[in-house]
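Engineer:
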Amino acid sequence: MSKKFLPVLLVLTVGSLFVAFQTQGRGGDNPKTKNEKILRNVGLLLEQGHYSPKNINDSFSKQVLNRFIKELDEDKSIFLQSDIDSFKKYDNRIDDEIHGDKLESFYAINDSYTRRLNQASQYFTELLSKPLDFTKEEQVLLDGNKLSYPTTDV
344 MSKKFLPVLL
354 VLTVGSLFVA
364 FQTQGRGGDN
374 PKTKNEKILR
384 NVGLLLEQGH
394 YSPKNINDSF
404 SKQVLNRFIK
414 ELDEDKSIFL
424 QSDIDSFKKY
434 DNRIDDEIHG
444 DKLESFYAIN
454 DSYTRRLNQA
464 SQYFTELLSK
474 PLDFTKEEQV
484 LLDGNKLSYP
494 TTDV
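Okay, so the sequence shown: first residue is 344 according to the numbering used here, each after it adds one.
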């Protein structure tokens, strides 16, 4: 290995070890679950190890929540408006969860997502069990940016 890469390798190794073991030795604030540990470490990396460190605050929480929901349901075909409204309580909590509070937002959103997917599966199974009528002139709008979340499930 070239001597000019040795300092870079040393800095990367020390930095990785620093981040990996940063939460060790703090008895009171260590996350309990695997997901909480992962979230905590990602938060530390974003705040301290990222080339462009992020302020993990309420504004960051809102961005993460909106992005997470959009990634899960980009075409607005899974969640209902009532689900989205219920997720708004996590607007200012995700940063606290990253900093060590109990992880609730991910589990609540994941539970809603799973429940809605199961409902959609049942609905489409029932719909496709009947013959389709191709004589009707119907249109479907699939652009999520032009849609709003449905207010009823069917």
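Just so you know, even glycine gets a beta-carbon here, dropped at the ideal spot from N, CA and C.
Keep in mind it's a predicted model, so treat the numbers as computed, not measured.
Below 6 Å CB to CB, which residues in the same chain sit around Pro493 once its five sequence neighbours on both sides are set aside?
Structural biologist: Closer than 6 Å at the Cβ level, and outside the excluded window around Pro493, lie Leu423.
Engineer: Flag this pair as yes or no: are the beta carbons of Ile437 and Ser404 separated by less than 8 Å?
Structural biologist: It is a contact, given that the beta carbons lie within the stated cut-off.
Engineer: Which ranges does the beta strand (DSSP E) cover as unbroken runs of at least 3 residues, wholly within the segment 435 to 483, from first to last along the chain?
Structural biologist: Listed in chain order, nothing qualifies, since the segment 435 to 483 has no complete beta strand (DSSP E) run of 3 or more residues.
Engineer: Where do the ends of the alpha helix (DSSP H) carrying Ile381 lie?
Structural biologist: First-last of the alpha helix (DSSP H) with Ile381: Lys377 to Leu387.
Engineer: Using only alpha-carbon positions, find the residue among Ser491, Ile441 and Phe449 that is nearest to Asn400.
Structural biologist: Selected option, being the one with the closest Cα: Ile441.
Engineer: Could you tell me whether the segment 468 to 483 touches the segment 425 to 436, where touching means 3 or more Cβ pairs closer than 8 Å?
Structural biologist: Flag = no, the segment 468 to 483 and the segment 425 to 436 do not touch.
Engineer: Does DSSP put Gly368 in a helix, in a strand, or in coil?
Structural biologist: Any answer about Gly368 is weak, because its pLDDT of 45 lies below 50 and its placement is not dependable; what the coordinates show is given next. If DSSP states are grouped into helix, strand and coil, Gly368 belongs with coil.
Engineer: Give me the Cα-Cα distance between Ser420 and Leu460, rounded to the nearest whole angstrom.
Structural biologist: So the alpha carbons of these two residues sit roughly 10 Å apart.
Engineer: Less than 8 Å between the CB atoms is what I'm expecting for Phe430 and Leu408, so what's the real figure, rounded?
Structural biologist: Rounded, the Cβ-Cβ distance is 7 Å, consistent with contact.
Engineer: Asp426 lies in the alpha helix (DSSP H); which residues open and close that run?
Structural biologist: Where Asp426 is concerned, the enclosing alpha helix (DSSP H) stretches over Gln424 to Phe430.
Engineer: Take the Cβ of Gly371 as the centre, count every other Cβ of all protein chains shown within 10 Å, and call the residue buried at 16 or more, exposed below.
Structural biologist: Only weak support is given to the placement of Gly371: the predicted model assigns it a pLDDT of 48, under 50, and the value that follows is read from those uncertain coordinates. The residue in question, Gly371, is exposed, as its Cβ has fewer than 16 Cβ neighbours within 10 Å.
Engineer: Pick helix, strand or coil for Lys419, following the three-state DSSP scheme.
Structural biologist: Three-state DSSP puts Lys419 in coil, outside helix and strand.
Engineer: Could you check the C-alpha separation between Phe449 and Thr478 for me, to the nearest Å?
Structural biologist: Using only the alpha carbons, I get a separation of about 44 Å.
Engineer: According to DSSP, is Leu490 helix, strand or coil?
Structural biologist: Of the three classes helix, strand and coil, the one that applies to Leu490 here is coil, per DSSP.
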